[in-house]
Every structure is written in C-alpha cells, then in structure tokens.
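*Asks:* Residues in the sequence shown are numbered consecutively from 4, following this note's numbering. One structure, pasted below without further comment.
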Amino acid sequence: MADAVSFSFSDTIAGYVGRFDSESRRLRLKTSDGREFDVSLAGDPSAELVRNLDEPYIDASGHIDEMLSPGRFLFVYGVHYPEHGGRFDAKRLVFLGRGAEDYRFEEPSWWVKQIESLADFYKRAQFGEGPVDFTEYRTEIRLGGDKTASHVQETDTISRLVYGMASAYLLTGKDEYLEVAERGTEYLRKHMRVVDSEEDVVFWYHGISVDGDSERKLFTSEFSDDYDAIPMYEQIYALAGPIQTYRVTGDIRIKNDADATIRLFDKFFLDREQGGYYSHIDPILFSADHESLGENAERKNWNSVGDHAPAYLINLYLATGEQRYADFLEYTFDTIADKFPDYKNSPFVQERFFRDWSHDTAHSWQQNRAVVGHNLKIAWNLMRMNSLKAKPAYEDLAKKIGEIMPAVGSDVQRGGWYDVVERVKDGDQETYRFAWHDRKAWWQQEQAILAYLILNGTVGGDAFLREARQAEAFYNTFFLDHDEGAVYFNVLASGTPYLLGTERLKGSHSMSMYHSAELCYLSAVYNNLLINKREMDFHFKPDPTNLPDRVLRVSPDLLPAGSVQIASVEIDEKPYRDFDAGGLTVKLPDVQGRVKVKVRLRPVTS
C-alpha cells in the first residue's frame, strides 16, 4: 500500500502557538486535541485580522513575528508537501484579534453590527430600494441576492426572515427592520393562515405559488422528505417570526394565532397515550397514522418534540410569563431528557422514534445517523430551560453533551463542526464516518457556538469557553461572505466556501435569515450579559393598551435568575422610571398609541 499521504494538498490548521523561531521561520502549532505541527513561514504568507461583515480587509502581514506569541489561537492555511516526513508551508494566517487574548467577536457591538448587515442584505435582496411589498418575496435567493425564476413563497422562509428582522430591531431599534417584520407577519396572516372555526385551531399552508396577480395555495409540503403531508416542523416554524415580532409589539392577534396553532398541535399531533408529538399528519383527516403518510406514519423526531422550544415557545413565554407555556416547555424537556439519550449505544442522541419510542434507525436519509447540530441544540436549550426550572437531568445531560461532542462531532484539525455522521462505528473503524461529506453547515456552527456560550455563562468552565471561542472563530473567519454579503450555507472542511447546487443560495427551503440572526442575537446576549459582564440595550415598540396591565417583559432570553437587571429605561427618548429592575418588567404609561421603549440591562455581579 502506498504511503497514506504521498501527494501534495492544501488545507487548514487551527491551533495554538507553541513557539515561533523568527530566524528559521518555523512555527510550532498545537491543535485543540493536543497534536503538534511544524509550519514553515518561509514563503512570506499573507496575514490578516478576522473582520466582520461590511468591514474592510485588515492586513497584518507586517506584524506576523510580533503577533505569534505563545498561546495565541489562529488559523493557518497552507500546502502540505509529502517530503522529509511531511512539510506544511503556510500561505495565509488569520488572527482573531490584535492581542494574544483578544477575540474580536467578543467586542460589545460585533454581533449587533453583524445582524444589521444581514438585515440590510435580505431587505435589499427581497425588496430592492422600493417599498416593503411581500408580494415580491421569493424563497430562493442567489449568492449575491438576486432572485431565481422560482415564484414560490414558502411560509417558513417568510417567517424566518421575519424572525431575523424582529431580532435586528430588538438589538438596534431601527424602524426599517421592524417594518419588514410587521409587514411579513401581516402577509403570513393574510395569505398563509387557515382559521378552522369548527376545530377551533389555526394551521398554516406550506406556501403559495405566485403568478402575476394570482396565487395558488400549497396546502401540503412540497419538500421531498414531507411531500403531500403536513409536517409538524413547518407548523412550528410558521410561528417563529411572528412570535419574535410579538415580543417587540405585543400585538395580541399574533398571540391568538399562536394559541390556536398550539391547539392544533395538541389536538392532532400529540400522542396522549405514549407522549410526545408526531412528526406528520395527513392533509385530509389530520391523522398521524394514515397509510398515505408512508414511512412518516406514527413517527416522532427531534423536530416534532424539541423544536417547539427554540422556534417559538421560549420567546412566547418571555413575552407573556404565562405558566401554561412554562409547563409546555417543561413537558418538552422532560421528554427530551427521558427519550433522546442513547449512550449505551452511541455518543450521539437518538433523534427518530416509532410511536412507542423504540428507535427508528432505518428512516429515509437519516437511517442510524446523527445530525451533529441537533445534539448541540439540545444542550443549548436544556441550559436555557434550566434557568427557568432547574433540574439535575437538564444540566447533567447538557454538560454530558458538551463534554462528549468535541471529540466526535467537531473538526479538531481545522476547527468547525460537521454535519451528519454515522451514530455507531462499524468493524475496526476508529472514527465515526461521515454520512455523505465532511462539509460544515452554517446552522450547525450556530448550535455549537450557543451551546458552549451558555454552558460557560451558566455553569462556567474554561473548556466550555474554549470550545465557544473556537466555534465563533471558525464561523466568523470562514462563513461571512465579504464579497456579496450575508453568510455561506456550507464550507468545505478547510473553510473554503462550497458553492454548488442549493448550497450556493442565500435563500432556499433550508435557509433564510433565521439561524444567522438567532446566532447574532443570542451571541450578543450571552457574550455581553453572561460572560463578559457588559451592559446591553434592547428595543421595543408596543401599544401599552395591548399588554395586560400595561406590563412589558424585557428579559432577552431564559437567563439564570438574578443574573441581570434593568439599569435604565427610556420611552420615546425620555428617561422613564416605572420599572421592576429585578423582575425585568416595565410598567408602560397609560397612553394611546405605540411607544418606543429602550431598555438597558446590566449584569448582576456577585
């Protein structure tokens, strides 16, 4: 057999500086799992600082020697030559900050600026320089923001755009973002919502096909995994954008839609005998066991059981404080903690189930495979729930996932997190095999970043902070599209953008503004309020008469009790003092019409 690596190739190494000899131009780099590499800088590589969207290139080529101080984390892209036992020649270095301990993505405004850039890109792509007219909305958006020939408007992608715009308003207070969120919410209610008065529920069309002034309703899903059925996750994500908008505006109609959709879940998707929610129902009888559903009949999965929490339910609770939503959240996380771990068989959770919760390991594309991001998403959301109602089962499982996952789901050589892998090793395999490829998706990086940020921010630990920083570093170095705007769908293992097929798009069935904006919003919250103990501003624009007792709830997320408090409030740009600092509520004035509310939150340090 030929030598395992007997050819040249380009690749990336993510690591910490061990030592650097400026005379020989040799750099010793240590990866996150402790392996050491000798890197040659003799070929005068370029060097740069990581930069945010809309920032110019920041050249550091003249400062390489002074910046290669021991312990600094950086990325080195170069060429491996199979000579003298292997040689790696650096061609590009990316530093994460000016100082050895500096990480630019921990700057107070980093994520706020990033969400502004995202919002500007998607607003321009969908509506140009004209008015915000959702009849012009299209699901598919090309790399540079142009629309494709497809005239389909999917409910979920509109909702995800609305979520992003509402989140951008929460962080910036810019009315142009709230205008998109509100108009998008109205468009969803008018065109995609179905009010079933007989059943007292609301459900949502998959979307509409637009042809000039006419539109054709798409009742059932057009996506291949869910074709001709009503999948739970599409109904869930129809609520994501409107509920984030509801947090800003307090529009009671949005809450009524959410309650009616939850009644749909409980009436037709809930398994009252065995627990949990089914993944699909048929479009005629609204039955979860109809034969037309095929392999989706009487199935349960992560999306149908767990996605309620991050998509809408946590935000609905934050906006209302109602106990019934807290109870729904507790039921959700009790089910996850009880049913999803499978550590006797795999380091990854189980994600698909039959009705009786036995494991479905032969379903469609998933088979017995793990979506890496779903494991991380569970850890992130368990820690959010643990702040609302602490249970050892929640924290223990979240920490276990956080401790296990780097070795089996991350790329310890280059940084970043993988997509789908086999849940078990076969025969003499030493590593968990990739299902199809070793590419890395933007949304799975989000789950890793948020999981490790909240783990560090709530239970502490240098290891969790290190994982968070490494994930943030990879995402901000390789996923930001500095040429066209927004973020790439996928990159190769090395970080090079992958621009083929639907993965070339900035808008598709799988991608809108949701995950990238959610990442910005919550990374800002966790980095500033929990980890670095810095004040933050949040913006709201409600009509006081729409809120019970005129009370506006301003908690930015489910955070540990007593960890933040209100420092100050402004209403219509004037100081306002009627608030409960520890309770994170503002008693709005008794006035007619909407008011602009700016709330500054302050971390509470022990």
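Ideal placement from N, C-alpha and C gives every residue a C-beta, glycine not left out. In this text, all values refer to a predicted model and were calculated from it rather than measured experimentally.
Check this for me: beta carbons of R372 and A496, under 7 Å apart or not?
*Replies:* no
*Asks:* Along the chain, which unbroken stretches of the beta strand (DSSP E) at least 3 residues long are found entirely within the region 92-126?
*Replies:* none
*Asks:* Does the Cβ-Cβ distance between G405 and A382 come in under 7 Å?
*Replies:* yes
*Asks:* Are there three or more Cβ pairs, one per stretch, closer than 8 Å when the region 124-135 is compared with the region 67-85?
*Replies:* no
*Asks:* Give me the residue from A451, S282, R553 with the minimum Cα distance to R358.
*Replies:* S282
*Asks:* Report the residue from P234, L591, A241, E51 whose alpha carbon sits nearest the alpha carbon of R95.
*Replies:* E51
*Asks:* So, for M4: in the same chain, excluding its five sequence neighbours on each side, which residues have a beta-carbon less than 7 Å away from its beta-carbon?
*Replies:* Confidence at M4 is low in this model, with a pLDDT of 40, below 50, so the placement of that residue should be treated as unreliable; the coordinate-derived value is given next. The beta carbon of M4 lies closer than 7 Å to none in the same chain, with the five residues before and after it left out.
*Asks:* Throw me the rounded Cβ distance for the G244 and T188 pair, which I believe falls under 8 Å.
*Replies:* 7 Å
*Asks:* In terms of DSSP beta bridges, what is Y84 paired with?
*Replies:* R90
*Asks:* Can you give me the C-alpha to C-alpha distance between H542 and D36, rounded to a whole angstrom?
*Replies:* 42 Å
*Asks:* Give the DSSP-derived three-state secondary structure of Q369 in the structure shown.
*Replies:* Of the three classes helix, strand and coil, the one that applies to Q369 here is coil, per DSSP.
*Asks:* Based on Cα-Cα distance, which residue from F10, Q156, L164 lies nearest to V213?
*Replies:* When only C-alpha atoms are compared, the closest one is Q156.
*Asks:* Which of the three DSSP states, helix, strand or coil, is assigned to Q156?
*Replies:* strand
*Asks:* Going by DSSP, what residue range makes up the alpha helix (DSSP H) through K342?
*Replies:* Unbroken alpha helix (DSSP H) run through K342: 326-342.
*Asks:* Could you tell me which residues DSSP pairs with E218 in its beta bridges?
*Replies:* V213
*Asks:* Looking at the structure shown, is M235 part of a helix, part of a strand, or coil, going by DSSP?
*Replies:* helix
*Asks:* Mapping DSSP to helix, strand and coil, what is G412?
*Replies:* helix
*Asks:* By the three-class DSSP mapping on this structure, what secondary structure does M4 have?
*Replies:* Here M4 scores only 40 on pLDDT, less than 50, and its place in the model is too uncertain to base an answer on.
*Asks:* At which residues does the beta strand (DSSP E) containing T588 begin and terminate?
*Replies:* 588-590
*Asks:* For the region 458-488, list the alpha helix (DSSP H) runs that are entirely contained and at least 4 residues long, ordered along the chain.
*Replies:* The qualifying runs are 465-481.
*Asks:* For the region 244-256 against the region 217-233, do three or more pairs of beta-carbon atoms, one drawn from each stretch, fall closer than 8 Å, so that the two count as touching?
*Replies:* no
*Asks:* Of the residues L550, V602, G430, which one's Cα is nearest the Cα of E573?
*Replies:* V602
*Asks:* Which of the three DSSP states is assigned to G430 in this structure?
*Replies:* coil
*Asks:* Less than 6 Å between C-beta atoms, sequence neighbours within five positions excluded: which residues of the same chain meet that for T505?
*Replies:* S511
*Asks:* When DSSP builds the beta bridges, which residues end up paired with F543?
*Replies:* V600
*Asks:* Have a look at S515 and D274 and give me their C-alpha separation to the nearest angstrom.
*Replies:* Each residue's alpha carbon lies about 31 Å from the other.
*Asks:* Specify the secondary structure class of A50 as computed by DSSP and reduced to three states.
*Replies:* strand
*Asks:* Within its chain, find whatever has a CB closer than 7 Å to the CB of S9; leave out the 5 residues flanking it on each side and keep chain order.
*Replies:* P85
*Asks:* On the three-state DSSP scale, how would you describe Q568?
*Replies:* strand
*Asks:* Taking C-alpha atoms, which residue in R469, V557, L321, D57 lies nearest to A122?
*Replies:* D57
*Asks:* Please confirm whether T34 and V600 have their CB atoms less than 7 Å apart.
*Replies:* no
*Asks:* Please report the distance separating the alpha-carbon of P563 from that of G376.
*Replies:* 24 Å
*Asks:* Pair every Cβ in the region 336-344 with every Cβ in the region 391-402, then say whether three or more of these pairs are closer than 8 Å.
*Replies:* The region 336-344, when compared against the region 391-402, does touch it at the 8 Å Cβ threshold.
*Asks:* Give the straight-line distance between the Cα atoms of T608 and W113, rounded to the nearest whole angstrom.
*Replies:* 23 Å
*Asks:* Closest to S361 by C-alpha separation, out of K347, F343, W368, N378, would be which residue?
*Replies:* F343
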